[in-house]
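Student: So in this note's numbering, spot 117 of the sequence shown is number 126, and the numbers just go up one at a time.
Take a look at this one; I'll ask things after.
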Amino acid sequence: MIGVFDSGLGGLSVLAAIAETLPHADLVYFADSAHVPYGDKEDVYIRRRMLRIGAYLVDGGCQMIVVACNTATAAAVAAFREAYPAVPVVGVEPGVKPAALASRSGRIAVLATVSTARSQRLAQLIEQHAGSVQVDVEACPGWATRVESLHLDDPAFVEEARRHLEPLLAKGADQIVLGCTHYAFLRPVLAPIVGQRAALVDVSDAVARQCARLAGPVAQGGGQLRLLATAHPERLQAALPALGLNHLSHRLRKPAQLAHA
Ligand code: DGL
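Set out below in structure tokens:
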């Protein structure tokens, strides 16, 4: 069983890619809905949540953990790996490397939560992989919460998204990295603003391929899905069709459940 974890709905974008790449794997999706968003929290808080949820998933039989959250990966994946050295862990990091490789203008932008934007980990990633490409890091407070509300096309939000994107595009960014798993669900808002000027870069498929490399026998199961949330499990389940992931609903054998972690 593979445990996939995020603060809320964002990691469902990663879950969908994993379910497609490993159709027989049994998957557990854990949304820390009682504590979303992580993006405005301190590292120590995120680390505490990650260790607690990781322990819950491992004790519940998960043999592999996917941290489907850039914010938690940056703040806490090292602490989790240290606590559970025998458990394969796959984290999610902004796609700076593929974006830098694909850029023709020599300028890219990373959209991320406040926590990821200020993280050491992102600074290192840029230093290691951006080479001579210029990188603008844009913190987008409130965007993950917008996805949680499922009201994605509110005109006020479309305007806000435009305010963030236009200056980056005007500077010449031709790759816009979606550095938060929630933002994958904002494509319908972001893509029309960006148009032909830039590509939106998302690493879900690369994360799924990394899972496939590490999974071994864990990939063989009944292709079932369990949904767990620390608050409002029914909202998590209802989000599947709302976010265009109804095909995942067919994998459920029982309704989403409340998790006490
Ligand atoms: N989905 C998460 C990420 O990838 C966190 C969003 C949040 O809870 O602020 O960063």
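In this text, a Cβ means the ideal position worked out from N, Cα and C, and glycines have one as well.
Only a predicted model underlies this, so the values are computations on that prediction, with no experimental measurement involved.
When burial is assigned at 16 or more other CB atoms within 10 Å of the CB, is Lys106 buried or exposed?
Tutor: Counting from 1 along the sequence shown, the entry for residue 106 is found at position 97. Lys106 should be labelled buried.
Student: Ends of the alpha helix (DSSP H) at Asp214?
Tutor: Here residue 214 is taken as the residue at index 205 of the sequence shown, counted from 1. Looking at the DSSP string, the run of the alpha helix (DSSP H) that includes Asp214 is Ser213 to Ala224.
Student: Pull the bridge partners of Arg235 from the DSSP assignment, please.
Tutor: Reading the sequence shown from its first residue, position 226 is the one you call residue 235. For Arg235, which the question treats as bridged, DSSP gives the partners Val37.
Student: Can the beta-carbon of Leu223 be found closer than 9 Å to that of Leu209?
Tutor: Along the sequence shown, one-based indexing puts residue 223 at 214. Along the sequence shown, one-based indexing puts residue 209 at 200. No, these two residues do not count as a Cβ contact at 9 Å.
Student: Just curious, the alpha helix (DSSP H) that Met10 is in, first and last residue?
Tutor: By 1-based counting over the sequence shown, the position of residue 10 is 1. Segment: none, Met10 is in no alpha helix (DSSP H) and carries neither H nor E.
Student: Which term fits Pro250, buried or exposed, when burial requires 16 or more other beta carbons within 10 angstroms of its beta carbon?
Tutor: Taking the sequence shown and counting its residues from 1, the one referred to as residue 250 is at position 241. Per the 10 Å Cβ criterion, exposed.
Student: Would you check whether the ligand DGL has a heavy atom nearer than 8 Å to the C-beta of Ala81?
Tutor: Counting from 1 along the sequence shown, the entry for residue 81 is found at position 72. Yes, the ligand DGL has a heavy atom inside 8 Å of this Cβ.
Student: Quick one: is Asp41 buried, meaning 16 or more other Cβ sit within 10 Å of its Cβ, or exposed?
Tutor: Position 32 of the sequence shown, counting from 1, holds the residue named residue 41. Buried, because 16 or more other Cβ atoms sit within 10 Å of the Cβ of Asp41.
Student: Give the list of continuous alpha helix (DSSP H) stretches no shorter than 4 residues that lie fully inside the stretch 137-192.
Tutor: You should have 152-158 and 164-179.
Student: Any heavy atom of the ligand DGL closer than 8 Å to the Cβ of Asp15?
Tutor: Your numbering for residue 15 matches position 6 in the sequence shown. True, at least one ligand heavy atom lies under 8 Å from that Cβ.
Student: Return the bridge partner residues of Ala118 from the DSSP annotation.
Tutor: The sequence position of residue 118 within the sequence shown is 109, counting from 1. In the DSSP output, where bridge partners are listed per residue, Ala118 has Asp145 and Ile185.
Student: For Leu267, which residues of its own chain have a beta-carbon under 6 Å away from its beta-carbon, when the five flanking residues on both sides are left out?
Tutor: Along the sequence shown, one-based indexing puts residue 267 at 258. Here the set comprises Pro242.
Student: At what residues does the beta strand (DSSP E) containing Gly69 begin and finish?
Tutor: Stepping through the sequence shown from its first residue, residue 69 is reached at position 60. First-last for Gly69: undefined, no H or E at that position.
Student: In terms of alpha-carbon separation, which member of Leu66, Glu147, Glu91 and Pro150 lies closest to Asp353?
Tutor: Given that the chain is displayed from residue 10 to residue 270, the structure contains no residue 353 and the question cannot be resolved.
Student: Sort out for me which residues DSSP pairs Gln266 with in a bridge.
Tutor: For this step, residue 266 is matched to residue 257 along the sequence shown. DSSP, once it has assigned bridges, lists Leu237 as partnering Gln266.
Student: Return helix, strand or coil for Ala207, following the three-state DSSP convention.
Tutor: What you label residue 207 is simply residue 198 of the sequence shown in a count that begins at 1. In this structure, Ala207 counts as coil in the three-state DSSP scheme.
Student: Is there a Cβ from chain B that is less than 9 Å from the Cβ of Asp162?
Tutor: Structure shown: chain B not included; a single protein chain is present.
Student: Assign Ala121 to buried or exposed, taking buried as 16 or more other Cβ atoms, counted over all protein chains shown, within 10 Å of its Cβ.
Tutor: For the purposes of this step, residue 121 is identified with residue 112 of the sequence shown, where counting begins at 1. Counting Cβ neighbours within 10 Å, Ala121 comes out buried, since at least 16 surround it.
Student: Whether or not the stretch 21-34 and the stretch 225-237 are in contact is what I'm after, with contact meaning three or more pairs of Cβ atoms, one per stretch, closer than 8 Å; do they touch?
Tutor: The stretch 225-237, when compared against the stretch 21-34, does touch it at the 8 Å Cβ threshold.
Student: Which ranges does the alpha helix (DSSP H) cover as unbroken runs of at least 4 residues, wholly within the stretch 41-98, from first to last along the chain?
Tutor: If we require 4 residues or more, the alpha helix (DSSP H) runs fully inside the stretch 41-98 come out as 52-68 and 79-92.
Student: When DSSP labels each residue in this structure, what does Leu261 get in the three-state scheme?
Tutor: Counting from 1 along the sequence shown, the entry for residue 261 is found at position 252. In the structure shown, Leu261 sits in a strand (DSSP, three-state: E or B).
Student: Given a cut-off of 9 Å, decide if Leu21 and Leu237 are closer than it, judged by their beta-carbon atoms.
Tutor: Position 228 of the sequence shown, counted from the start, is the residue given in the question as residue 237. Position 12 of the sequence shown, counted from the start, is the residue given in the question as residue 21. Contact: no.
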